[in-house]
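Below is one structure; the comments refer to it alone.
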Amino acid sequence: MNTVLKEENNDLVMYFEGRLDTASAPETEKAVAPLKESSGRDIILDCSKLDYISSAGLRIFLSILKSAKPKGDHVYIRGISDSIRAVFAMTGFVNLFEFK
Amino acid sequence: MESPLKLDPHGESLMQQFREMLPTLKLLEQEAYEQLHRVLDEQDIYVTAFEHRIKSEHSLAGKLELKGAKYKSIHDITDLVGLRVITFYTDEVDKVAAIAKRIFDIDWKESVDKRKLHQLNSFGYNSLHYICRLKTGGPRFELQMRTALQHVWSTIEHDIGYKNDVKIPNEFIRQFNRLAGMLELIDDEFSRLRLVLTDYRRQVQSLVKNGHLNEVPLSADTFRSYLELHPFDRLNRRIAAVNQAEIYTVSLVPFLSLLESFGLKTLGDVQDFIDNNSDDAYQLALSHLAITDIDILSSSAALQYLCMVYVLKHGDGRDGLKSIFDKINGESDANGMLADLMLEQAGTQPFIQKKL
């Protein structure tokens with residue numbers, strides 16, 4: 022699992038590549054820490070190269086959303102594959118996030 | 063600093079006393095504000111504004127120039143420190159006043175309820191002014207209490223110079239008073255409406271609590287009351303048990319428009335919708351989740367699966383499923399893909415087979 026954090030048009034964009042599962046979750050959790058500390062900027066989770074997301078990955082995405090919402094920041098999920106979108110739908114989380 | 067207005071020696075003397083008092087006044091301003099603010103918070107009285115200030119030298123000079131002779135000492139001027147609480151409703155003005163009476167000593171000789179000063183056939187400036195002193199003593203200060211509309215009236219009155227020396231023609235005074243009367247009526251109507259709505263909410267909560275759901279129309283307010291009964295918990299727990307999943311709580315209110323679009327008119331209809339579709343919703347969720355190892359679910363999962371079952375049973379197929387995702391997640395072409403996926407997985411469900 023690779024993650025890259027970039028600033029694009031004043032947004033924070035985190036690129037995910039590979040499988041976000043139980044094994045890669047601890048490392049990813051550390052990588053997303055700057056997203057939780059940021060304020061006043063929208064966050065984009067770019068999933069164009071994300072092959073798989075497990076419950077551990079969903080929890081990481083939810084924790085990012087939970088820290089952004091009270092600050093009035095938006096969290097967008099971008100470039101999500103159909104299979105991962107289906108995971109969001111079947112768990113009922115599809116309406117929590119904004120998709121690009 | 064020299065005041066810009068020309069004062070007589072008595073006025074200048076009072077101004078000097080004021081300057082010497084400033085440190086005391088600053089402490090008083092802060093202490094009075096904090097004491098009242100604390101109790102308003104404790105009593106859950108939400109005010110639209112809570113202002114506090116020390117009178118400016120310019121404003122004091124204007125007052126001294128006009129009627130300086132009236133004051134023997136600076137302590138005779140009671141509004142050097144001023145607090146102003148602006149409430150939403152008229153009855154909240156009385157509540158703030160009651161709190162002020164409890165936490166401050168009120169100088170009743172100087173305090174004015176301008177709401178009661180008007181003749182029966184006149185309208186105008188409505189505001190409650192108390193001249194107060196901290197229980198621990200010290201200089202007096204003024205506390206103004208008024209509603210937002212009273213504040214609007216007062217500010218406009220000040221702005222257009224109603225109190226100036228220029229004589230305003232009767233025609234304009236009459237127009238101004240007509241507007242004041244209208245604001246007073248609106249203030250009373252807002253308070254009355256709030257009472258009616260509070261009463262209505264209590265009635266609805268009682269009907270919901272006692273299970274008379276068919277008598278309760280479906281609305282944002284009633285749906286919220288209904289959600290306090292946790293009507294979707296049982297199905298959520300059943301679905302979560304498939305993978306021993308944790309349930310992540312989210313708001314279900316965004317689903318209200320979806321339920322209304324199904325033609326559900328009362329909470330009784332919503333309860334029937336749950337009772338009639340829960341088993342099928344569970345089976346549909348099972349078909350999706352049992353083949354995964356996902357162990358976290360949104361608390362909206364039960365309601366979402368109920369909605370999917372409902373549209374499929376009513377023959378709305380792919381379009382119906384897409385409209386669910388469009389309504390809860392915003393319109394998007396990707397929702398069509400989700401609808402296709404859900405439709406494909408639902409195809410094997412007994413409730414679909416029965417329809418074929």
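Line by line, the protein sequences give chains A and B.
Read the first sequence against the numbering used here and you will find it ends at 121, with the numbers running on by one and no gaps.
Read the second sequence against the numbering used here and you will find it ends at 418, with the numbers running on by one and no gaps.
Beta carbons are placed, not taken as given, at the ideal position from N, Cα and C, and that holds for glycine.
Item                                                                                                                               : Value
Partner residues on chain A for Pro316(B), Cβ-Cβ distance less than 8 Å                                                            : Asn116
Below-8 Å beta-carbon distance, Val312(B) vs any chain A residue                                                                   : yes
Touching by the beta-carbon criterion (3+ pairs, under 8 Å), the region 352 to 364 of chain B and the region 289 to 305 of chain B : yes
Test item: CB-CB of Cys194(B) and Ala160(B) under 8 Å                                                                              : no
Closest by C-alpha distance to His220(B), when choosing among Phe238(B), Leu205(B), Pro231(B) and Glu82(B)                         : Phe238(B)
Which of helix, strand or coil DSSP assigns to Asn116(A)                                                                           : coil
Rounded distance between the beta-carbons of Ile248(B) and Leu211(B), thought under 8 Å                                            : 6 Å
Proximal chain A residues relative to His350(B), where beta-carbon distance stays under 7 Å                                        : Met111
CB contact check: Asp72(A) to chain D, cutoff 8 Å                                                                                  : Judged by its chain identifiers, the structure shown contains no chain D, and its protein chains are A and B.
Beta bridge counterpart(s) of Ala111(B) as assigned by DSSP                                                                        : Ile148(B)
Helix, strand or coil at His95(A) according to DSSP, with G and I counted as helix                                                 : coil
Closer than 8 Å to chain B by CB, Val34(A)                                                                                         : no
Alpha carbon of Ile136(B) to alpha carbon of Val109(B), nearest angstrom                                                           : 32 Å
DSSP bridge partner residues for Leu41(A) (one or two, in chain order)                                                             : Ile74(A)
Identified DSSP bridge partners for Thr24(A)                                                                                       : Phe37(A)
Terminal residues of the beta strand (DSSP E) in which Ala169(B) lies                                                              : The sequence as given places Asp at residue 169(B); Ala does not occur at that position. Here Asp169(B) belongs to no beta strand (DSSP E), and DSSP marks it neither H nor E.
Interface flag, Ala408(B) vs chain A, CB-CB below 8 Å                                                                              : no
Short CB-CB distance (under 8 Å) between Leu245(B) and chain A                                                                     : no
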